[in-house]
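Visitor: Add 229 to a position in the sequence shown, counting from 1, and you land on the number used in this note's numbering.
Cβ coordinates follow ideal geometry from the N, Cα and C atoms, glycine included.
Computed from a predicted model, the values in this text were never measured in an experiment.
Would you mind keeping the following structure in view while I ask a few things?
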Amino acid sequence: MKKIQSVRGMPDVLPGSSARWQWLETRAKAILAGWGYREIRLPVLEHTGLFARSVGESTDIVAKEMYTFTDRSGDSVTLRPEGTAGCVRACEEHGLLYNQTQRLWYAGPMFRYERPQKGRYRQFEQIGVECFGFEGPDIDAELIIMTAELWRTLGVADAVTLELNTLGSPEARAAYREALVEWLTPRREELDADSQRRLLQNPLRIFDSKVAKTQEIVADAPSFMDYLDAGSAAHFDGLKGLLDAAGVRYVVNPRIVRGLDYYTRTVFEWTTDRLGAQGTVCAGGRYDGLVAQLGGRTTPAVGFAMGIERVLLLADEVGALPDHIDREVDVYLLSLDDADLAAALSLSRSLRAEVPGLRLQMHCGGGKPKTRLKRADASGAEVALILGESEVAAGTIAVKALRAGGDQRTLTREALLEELRALVAVRTEGRDGK
Ligand code: HAM
Numbered sequence: 230m231k232k233i234q235s236v237r238g239m240p241d242v243l244p245g246s247s248a249r250w251q252w253l254e255t256r257a258k259a260i261l262a263g264w265g266y267r268e269i270r271l272p273v274l275e276h277t278g279l280f281a282r283s284v285g286e287s288t289d290i291v292a293k294e295m296y297t298f299t300d301r302s303g304d305s306v307t308l309r310p311e312g313t314a315g316c317v318r319a320c321e322e323h324g325l326l327y328n329q330t331q332r333l334w335y336a337g338p339m340f341r342y343e344r345p346q347k348g349r350y351r352q353f354e355q356i357g358v359e360c361f362g363f364e365g366p367d368i369d370a371e372l373i374i375m376t377a378e379l380w381r382t383l384g385v386a387d388a389v390t391l392e393l394n395t396l397g398s399p400e401a402r403a404a405y406r407e408a409l410v411e412w413l414t415p416r417r418e419e420l421d422a423d424s425q426r427r428l429l430q431n432p433l434r435i436f437d438s439k440v441a442k443t444q445e446i447v448a449d450a451p452s453f454m455d456y457l458d459a460g461s462a463a464h465f466d467g468l469k470g471l472l473d474a475a476g477v478r479y480v481v482n483p484r485i486v487r488g489l490d491y492y493t494r495t496v497f498e499w500t501t502d503r504l505g506a507q508g509t510v511c512a513g514g515r516y517d518g519l520v521a522q523l524g525g526r527t528t529p530a531v532g533f534a535m536g537i538e539r540v541l542l543l544a545d546e547v548g549a550l551p552d553h554i555d556r557e558v559d560v561y562l563l564s565l566d567d568a569d570l571a572a573a574l575s576l577s578r579s580l581r582a583e584v585p586g587l588r589l590q591m592h593c594g595g596g597k598p599k600t601r602l603k604r605a606d607a608s609g610a611e612v613a614l615i616l617g618e619s620e621v622a623a624g625t626i627a628v629k630a631l632r633a634g635g636d637q638r639t640l641t642r643e644a645l646l647e648e649l650r651a652l653v654a655v656r657t658e659g660r661d662g663k
């Protein structure tokens, strides 16, 4: 019978790599908590209309990439392609935006029917942040400085660049859009097919085109900066001033237009040249109009999301992952004979209690001594603790180094505790501080 495989573009994260995810999530969550952000947990399924009304009908995401189906009651529902829309929906639904500000984060899978390749999947995970009720550029700066701190903590800071832009007010953008269409229409035939389609639906996204000829044409197009409204210009200057003062470097890139319709004013992307085509590891911006667009009161808002797979690929690429990241078991404890099982179990419990952070796997399943030792090796542990009749009688433990040389020593309980504490310290702090 043919075996069923995973759906294309929806990779499994197997034990062995899940430690990498935990490494990133632990650090991200610690920073978010440290900055006073609170977690919101949102459903993966939403009414389809939510995304059509927020991300935008003419965007690639809504037009081509959503997993949409009719449920058993006849409602059209969609696996969320992103988290911002659902977060706004939830905040409105529960009155979280009424006379108060919010700093929120969420993590979880998103779904887009894109062409899978390295760094691009159909199910991928984001850690996202959304802030509501703050009008000025201080919160934009806070978000960006917070992400910069995360890159430092993860050891990838030197491999990422912050690209900033402002999309201005909706009115400024509408005026610019008109001017751009007027300028591009006589040159329509020279644009690539995708850009020709965008000229009618979403002309600003033509700046995103990777086609050289199109890029050449738009390089001479009217500049948005000539249409930018004074309020947005002051907001942008304010943000740049705060980033300068904080020592966060950036490049202003007028080509950043983002693939979702809800943005206003500040937009930003953290990019890297180490991952090929899928180089945006984190992206976001302001969306001051979205809450009202979804039926709420006008509420200033700003946020970002990072793609966990991409950040992990980058950390791996630059060698930022800790040496022992893939070691999920420190110690494998086995008795040579089932007669000593109870003693082994009792020892395992007291070692776990006395060495905080120790990851100790206990041998189960019986077998000959040789089989037990083979299992110890396969567990990935650094050392095996072996309990035989003589050790039980003497109150000692045999310690076998599984990775380095395989030598075996007999230790007292005190000496063992000291060694195990050192083993945990090396893993958690890292030899080189990683
Ligand atoms: P986005 O730019 O569509 O923005 O996605 C954010 C990040 O998710 C990207 O920069 C990338 O790292 C990752 N990502 C997107 N698509 C894929 C994919 N197919 N495979 C792997 N990673 C991917 C948003 O989703 C907005 N909701 C961000 C935001 C929050 N803006 C304001 N608040």
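Pick out the complete alpha helix (DSSP H) segments inside the segment 603–633, 4 residues or longer, and give them in chain order.
Guide: Within the segment 603–633, the complete alpha helix (DSSP H) runs of at least 4 residues are 618–623.
Visitor: From what residue to what residue does the alpha helix (DSSP H) around M375 run?
Guide: Taken as a continuous stretch (DSSP letters only), the alpha helix (DSSP H) holding M375 covers P366 to L383.
Visitor: Just checking my contact of I537 with W334 at CB under 8 Å: how many whole Å lie between their CB atoms?
Guide: So it is not a contact: roughly 13 Å between Cβ atoms.
Visitor: Which same chain residues, not among the five before or five after K663, have their C-beta less than 6 Å away from its C-beta?
Guide: Because the pLDDT at K663 is just 48, under 50, the model does not fix this residue reliably, and the value given afterwards should be weighed accordingly. Closer than 6 Å at the Cβ level, and outside the excluded window around K663, lie P551.
Visitor: Could you tell me whether the Cβ atoms of F453 and Y405 are closer together than 9 Å?
Guide: Closer than 9 Å, so yes.
Visitor: Identify whether A549 lies in helix, strand or coil by the three-state DSSP scheme.
Guide: It is coil, neither helix nor strand.
Visitor: Mapping DSSP to helix, strand and coil, what is G662?
Guide: The pLDDT assigned to G662 is 46, lower than 50, so where the model puts this residue is not dependable; a value taken from the coordinates is nonetheless given after this. In this structure, G662 counts as coil in the three-state DSSP scheme.
Visitor: Can you tell me which of the three DSSP states L646 falls into?
Guide: In the structure shown, L646 sits in a helix (DSSP, three-state: H, G or I).
Visitor: On the three-pair Cβ rule with 8 Å, is the segment 295–315 touching the segment 239–255?
Guide: Segments in contact, no.
Visitor: Is it the case that the CB of R318 approaches a heavy atom of the ligand HAM more closely than 8 Å?
Guide: Not under cutoff, so the answer is no.
Visitor: Check W499 in the structure and name its three-state DSSP category.
Guide: Strand, per DSSP.
Visitor: Would you mind working out which of E647, L420, Y456 and Y479 sits nearest A401, comparing C-alpha positions?
Guide: Selected option, being the one with the closest Cα: Y456.
Visitor: Specify, as a first and last residue, the run of the alpha helix (DSSP H) that F280 falls within.
Guide: T277 to F280 is the span of the alpha helix (DSSP H), which, as asked, contains F280.
Visitor: Does the segment 350–365 touch the segment 525–537, meaning 3 or more C-beta pairs lie closer than 8 Å?
Guide: Enough Cβ pairs lie closer than 8 Å, so yes.
Visitor: Ignore the nearest five residues each way along the sequence and tell me which others in D661's own chain have a CB closer than 7 Å to its CB.
Guide: Summary for D661: the model assigns pLDDT 44, below 50, so the residue's position carries little reliability; its value from the coordinates is reported in the next sentence. Nothing meets the Cβ criterion.
Visitor: Is any heavy atom of the ligand HAM found at a distance shorter than 8 Å from the C-beta of A544?
Guide: No, the ligand HAM has no heavy atom inside 8 Å of this Cβ.
Visitor: I need the straight-line Cα distance from T641 to G263, nearest angstrom please.
Guide: T641 and G263: Cα-Cα distance of roughly 42 Å.
Visitor: When the Cα atoms are used, what is the spatial distance from L631 to M375?
Guide: Computed Cα separation, rounded: 41 Å.
Visitor: Is it buried or exposed for K232, if we count other Cβ within 10 angstroms and need 16 for buried?
Guide: The residue in question, K232, is exposed, as its Cβ has fewer than 16 Cβ neighbours within 10 Å.
Visitor: Here's a check: name, in chain order, each residue in its chain whose Cβ is nearer than 6 Å to the Cβ of M239, leaving out the five neighbours to either side.
Guide: Excluding positions up to five away in sequence, the list reads R351 and Q352.
Visitor: Assuming W499 and V389 form a contact by the criterion Cβ under 8 Å, report the distance between their Cβ atoms to the nearest whole angstrom.
Guide: Indeed, because the Cβ distance is near 5 Å, the residues count as touching under 8 Å.
Visitor: Using C-beta distances below 7 Å, list every residue in its chain close to R427, excluding the 5 sequence neighbours before and after it, in chain order.
Guide: Here the set comprises R434 and I435.
Visitor: Just mark V584 as buried or exposed, buried being the case when its beta carbon has 16 or more other beta carbons within 10 Å.
Guide: Answer is buried; the Cβ neighbour count reaches 16.
Visitor: Taking the alpha-carbon of K347 as reference, which of L542, Q637 and D566 has the nearest alpha-carbon?
Guide: Looking at the Cα atoms, L542 is the closest of the given residues.
Visitor: Among all the DSSP beta bridges, which residues are the ones paired with I356?
Guide: Note: I356 sits in a beta bridge opposite A336 and M535.
Visitor: May I ask you to report which of helix, strand or coil DSSP gives G467?
Guide: Reduced to three states, the DSSP call for G467 is helix.
Visitor: From the DSSP output, in three-state form, read off Y561 for me.
Guide: Strand, per DSSP.
Visitor: Which same chain residues end up closer than 8 Å to T657 when comparing Cβ atoms and leaving out the 5 residues on each side of it in sequence?
Guide: Hits under 8 Å: G586.
Visitor: Can you name the start and end residues of the alpha helix (DSSP H) that E392 belongs to?
Guide: First-last for E392: T390 to T395, but that is the beta strand (DSSP E), not the alpha helix (DSSP H).
Visitor: Can we say the segment 287–302 touches the segment 406–416, given the rule of at least three CB pairs closer than 8 Å?
Guide: The segment 287–302 vs the segment 406–416: no contact.
Visitor: Work out the CA separation of R282 and Y479 for me, nearest whole Å.
Guide: Distance between the alpha carbons of Y479 and R282: 32 Å.
Visitor: Could you check whether the segment 416–425 touches the segment 468–476, counting it as contact only if at least three pairs of C-beta atoms, one from each stretch, sit closer than 8 Å?
Guide: Touching, no, given that fewer than three Cβ pairs across the two stretches are closer than 8 Å.
Visitor: Does DSSP classify R298 as helix, strand or coil?
Guide: This sequence places Phe at residue 298; Arg is not what is there. It is a strand residue.
Visitor: Compare the Cα-Cα distances from Y667 to each of F465, P529 and A403 and report the closest residue.
Guide: In the structure displayed, the chain extends from 230 to 663; residue 667 sits before or after that span and is not available.
Visitor: Indicate, with yes or no, if the ligand HAM has a heavy atom lying under 8 Å from the CB of M295.
Guide: Result no, Cβ not under 8 Å from the ligand HAM.
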